[in-house]
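First residue of the sequence shown? That's 0 in numbering that gives the first Met the number 0, and the numbers climb one at a time after it. Some notes on the structure that comes next.
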Amino acid sequence: MSKLIHIGFGNIVNADKIISIVSPDAAPVKRMVQKAKEEGTSVDATQGRKTKAVIVMENGMVVLSALLPETICTRTKENASIVDEA
C-alpha cells in the first residue's frame, strides 16, 4: 500500500516515490527548479506562497511545497511508524 504524505494545502505525494526533500535556497536547486519549470516536469503545490521545500520524485518530477523540509520529513517519519505498527 502506498504511503501518502500531506505537503500542504490539501496536496499529497506518494512517500515511496520521494528521492529527496531539499531547501530551495542553494543555487543548484534553483537551477534544477527552473529547468523543471521550463520542461514542464514541475508541480507547484505552494498555492501562491513562498517555496520552502523542493521534493524530487523518482520519475524526475519536481514538487514545490510551502512547508519546510523538516516538516515534510517529520510527516514522512510519522507515517512510516504508523504503517510499521499496523
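Each residue gets a CB set at the ideal place from its N, CA and C atoms; glycine is no exception.
Do the segment 32–39 and the segment 0–12 meet, that is, are 3 or more Cβ pairs less than 8 Å apart? No, the segment 32–39 does not touch the segment 0–12.
State the DSSP-derived secondary structure class of Ile31, mapped to helix, strand or coil. Within the sequence shown, the letter at position 32 stands for residue 31. The identity of residue 31 in the sequence shown is Met, whereas the question assumes Ile. Here Met31 sits in helix by DSSP.
What's the C-alpha gap between Ile11 and Ala44? Along the sequence shown, read from residue 1 onward, the residue named residue 11 stands at position 12. Along the sequence shown, read from residue 1 onward, the residue named residue 44 stands at position 45. Rounded to the nearest angstrom, the two C-alpha atoms are 9 Å apart.
What residue does the beta strand (DSSP E) around Leu63 start on, and which one ends it? Walking along the sequence shown from the start, residue 63 turns up at place 64. Boundaries of the beta strand (DSSP E) around Leu63: 61–64.
If I follow the unbroken beta strand (DSSP E) through Ala14, where does it start and stop? Counting from 1 along the sequence shown, the entry for residue 14 is found at position 15. For Ala14, there is no enclosing beta strand (DSSP E), as DSSP marks it with neither H nor E.
Quick check: is any heavy atom of the ligand SAM less than 7 Å from the C-beta of Gly39? No copy of the ligand SAM occurs in the structure displayed, which carries no ligand at all.
Range of the contiguous beta strand (DSSP E) that encloses Ala44: Reading the sequence shown from its first residue, position 45 is the one you call residue 44. 41–44 is the span of the beta strand (DSSP E), which, as asked, contains Ala44.
Run the CB neighbour count on Ile20, radius 10 Å, all protein chains shown included, and call it buried at 16 or more, exposed below. The sequence position of residue 20 within the sequence shown is 21, counting from 1. Flag for Ile20 reads buried.
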